[in-house]
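The next block holds one structure in the form of structure tokens; read it before the comments.
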Amino acid sequence: MHDTEPIYARPLAAPGEPWDTAAVRALIGDARVVLLGEGAHGVDDFARLGDGLFRTLATELGFTAFVRESGFAEGLAVDAWIQGGPGEAEDIARAGITYGFGESEAVRRQLAWMRAENARRRADGADSPDAGARVPLRFWGMDLPGSSTSPVAAVRVCLDRIPAQDGDDALRRITDLGGRTAAAIAWDGLDDAARDRIRDGIAGLIARVERDGDDIARRSAATLDAFLAELAWDGEPGPYPRERLMADTVAGIAGREERLLVLAHNAHVRRDPLHGRPTLGTLLHARLGDALRVIAMTYGHGPVVSFTERSPRPFDWEVAVSERIPAPGTLEHALDPLGDVLVDLRAAPPALRAGITGTAAGAGIDPIADVATAFDAVAHRHRVSLVPGHLDRLRAEFGSGDAGTAPAPRDAGTAPTAEAVR
1 MHDTEPIYAR PLAAPGEPWD TAAVRALIGD ARVVLLGEGA HGVDDFARLG DGLFRTLATE
61 LGFTAFVRES GFAEGLAVDA WIQGGPGEAE DIARAGITYG FGESEAVRRQ LAWMRAENAR
121 RRADGADSPD AGARVPLRFW GMDLPGSSTS PVAAVRVCLD RIPAQDGDDA LRRITDLGGR
181 TAAAIAWDGL DDAARDRIRD GIAGLIARVE RDGDDIARRS AATLDAFLAE LAWDGEPGPY
241 PRERLMADTV AGIAGREERL LVLAHNAHVR RDPLHGRPTL GTLLHARLGD ALRVIAMTYG
301 HGPVVSFTER SPRPFDWEVA VSERIPAPGT LEHALDPLGD VLVDLRAAPP ALRAGITGTA
361 AGAGIDPIAD VATAFDAVAH RHRVSLVPGH LDRLRAEFGS GDAGTAPAPR DAGTAPTAEA
421 VR
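Just so we're aligned: the sequence shown equals residues 1 to 422 in the UniProt record's numbering.
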């Protein structure tokens with residue numbers, strides 16, 4: 001490589017270690033919002049890479065918030081803990097980070113680091129003239145409540161922040177459908193009258209929050225509105241209600257924080273539409289323009305978790321695992337010969353990008369028309385491992401086959417479709 005050519009590929013930091021500050025600064029410039037995508041949920045390497053990147057962003061580049069694909073309402077308790085509130089990291093993560101992501105030890109280590117960093121900032125800030133040294137780190141969720149299957153967490157937040165009235169306890173009770181799979185099964189078994197009571201109760205609550213609630217209550221109410229919209233969705237064009245909700249939530253958080261890192265699946269963060277529908281990244285790009293950067297995380301080899309429907313019962317899926325071999329034409333196939341690498345796609349030679357028509361997504365492939373439009377950069381791992389226990393937890397939940405005894409604790413979530421848990 002000639003000295004005059006831009007450096008497009010750098011060694012990727014080891015998972016869990018801070019990323020190289022100069023490389024990160026070169027990638028993100030003055031962007032206030034960085035979207036970090038993961039090519040599959042439940043991959044330990046991705047959780048640790050996200051932790052390492054946020055440490056660099058928070059300590060070196062003035063980022064103050066970490067946002068993840070998890071319930072907004074539940075995330076409020078996580079943030080309270082990293083500000084110094086009571087509890088243990090394991091319990092806080094399990095209850096406050098939905099879709100089961102809080103079961104990851106790497107995620108818990110990140111929360112513990114954020115809490116410790118905030119304590120250090122409080123101690124140092126008392127004697128520091130630098131206001132930036134006193135700005136606390138914040139944690140935010142951006143998603144539907146209850147792992148997209150139960151509204152009760154957002155209902156509770158709303159009710160706790162507006163004047164009480166008769167019927168509030170009944171609303172809490174009828175909207176508590178259980179956790180992830182149990183909630184989906186419960187909703188599936190309700191008659192029309194019971195479903196209407198839940199919808200009408202939530203709609204009435206949203207109206208009360210609009211009248212009497214604060215910003216947190218209104219954002220929680222917005223997650224309930226999107227929850228109802230997802231239930232009513234009939235295939236109309238445009239972004240999914242959940243996608244629009246996440247974009248609106250991130251935009252709102254960006255109005256409160258200095259700079260923020262957002263972690264979600266690659267299918268959400270990509271800047272171009274997916275299957276013709278705008279994504280989180282598409283919607284934020286329209287609002288933020290050059291203030292947005294998008295970094296994907298991919299891998300070449302390692303486990304691929306897939307789901308096969310066994311019956312019409314919600315989440316009655318066979319869970320299988322296979323070994324990934326990068327498919328020709330994919331982003332993973334193009335990058336894997338480089339090893340563990342951080343690639344700036346904007347500076348990469350055309351030969352590297354040529355022929356890339358998709359990126360791996362679970363056992364399938366998501367199409368990409370122009371990879372440098374979809375992502376600004378890619379953090380690629382040659383080989384990855386699952387979060388310890390991830391496969392066993394999925395099989396225990398989805399493999400039950402017994403609607404009455406589905407092992408689904410209400411604080412551990414799973415997305416409502418196989419596509420979402422990929």
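Every residue, glycine too, gets a C-beta built ideally from N, C-alpha and C.
This structure is a prediction, so every number in the text was calculated from the model and none was measured.
Exposure of residue i, with buried meaning 16 or more beta-carbon neighbours within 10 Å
i           : result
residue 325 : exposed
residue 13  : buried
residue 265 : buried
residue 51  : buried
residue 404 : Because the pLDDT at residue 404 is just 33, under 50, the model does not fix this residue reliably, and the value given afterwards should be weighed accordingly. Classification for residue 404: exposed.
residue 271 : buried
residue 314 : buried
residue 397 : buried
residue 69  : buried
residue 235 : exposed
residue 41  : buried
residue 310 : exposed
residue 177 : buried
Beta-carbon proximity of residue i to residue j, cut-off 8 Å
i           : j           : result
residue 230 : residue 242 : yes
residue 305 : residue 269 : no
residue 341 : residue 390 : no
residue 343 : residue 67  : no
residue 339 : residue 382 : yes
residue 487 : residue 378 : No answer is possible for residue 487: it lies beyond the span of the chain, which begins at 1 and ends at 422.
residue 175 : residue 152 : yes
residue 33  : residue 250 : yes
residue 497 : residue 16  : The chain is shown from 1 up to 422; residue 497 falls before or after that span and cannot be answered.
residue 104 : residue 20  : no
residue 258 : residue 62  : yes
residue 194 : residue 150 : no
residue 205 : residue 226 : no
residue 238 : residue 287 : no
residue 118 : residue 84  : yes
residue 346 : residue 371 : no
residue 82  : residue 111 : yes
residue 141 : residue 71  : yes
residue 367 : residue 358 : yes
residue 376 : residue 27  : yes
residue 303 : residue 321 : yes
residue 348 : residue 8   : yes
For residue i, the residue or residues it bridges with in DSSP
i           : result
residue 358 : 330, 367
residue 297 : 38, 379
residue 322 : 304
residue 338 : Looking at the DSSP assignment, residue 338 forms no beta bridge with any residue, so it has no partner.
residue 11  : 341
residue 265 : 38
residue 26  : Note: residue 26 sits in no beta bridge, so no partner.
Distance cut-off 7 Å: residue i Cβ against heavy atoms of the ligand FMN
i           : result
residue 251 : Only the bare structure without any ligand can be found here, which leaves the ligand FMN out of the picture.
At least 3 beta-carbon pairs within less than 8 Å: the stretch 207-222 vs the stretch 150-168: A contact exists between the stretch 207-222 and the stretch 150-168.
Three CB pairs or more closer than 8 Å across the stretch 194-202 and the stretch 160-174: A contact exists between the stretch 194-202 and the stretch 160-174.
Touch test, the stretch 281-294 against the stretch 55-67, Cβ-Cβ under 8 Å, three pairs minimum: Not touching, per the Cβ criterion.
Contiguous alpha helix (DSSP H) assignments of at least 4 residues, all confined to the stretch 165-190: 168-175, 180-189, all fully within the stretch 165-190.
contact_flag[the stretch 281-288, the stretch 93-100] where n(CB pairs < 8 Å) is 3 or more: By the criterion of at least three beta-carbon pairs nearer than 8 Å, the stretch 281-288 is not in contact with the stretch 93-100.
Contiguous alpha helix (DSSP H) assignments of at least 4 residues, all confined to the stretch 96-163: Within the stretch 96-163, the complete alpha helix (DSSP H) runs of at least 4 residues are 105-125, 152-160.
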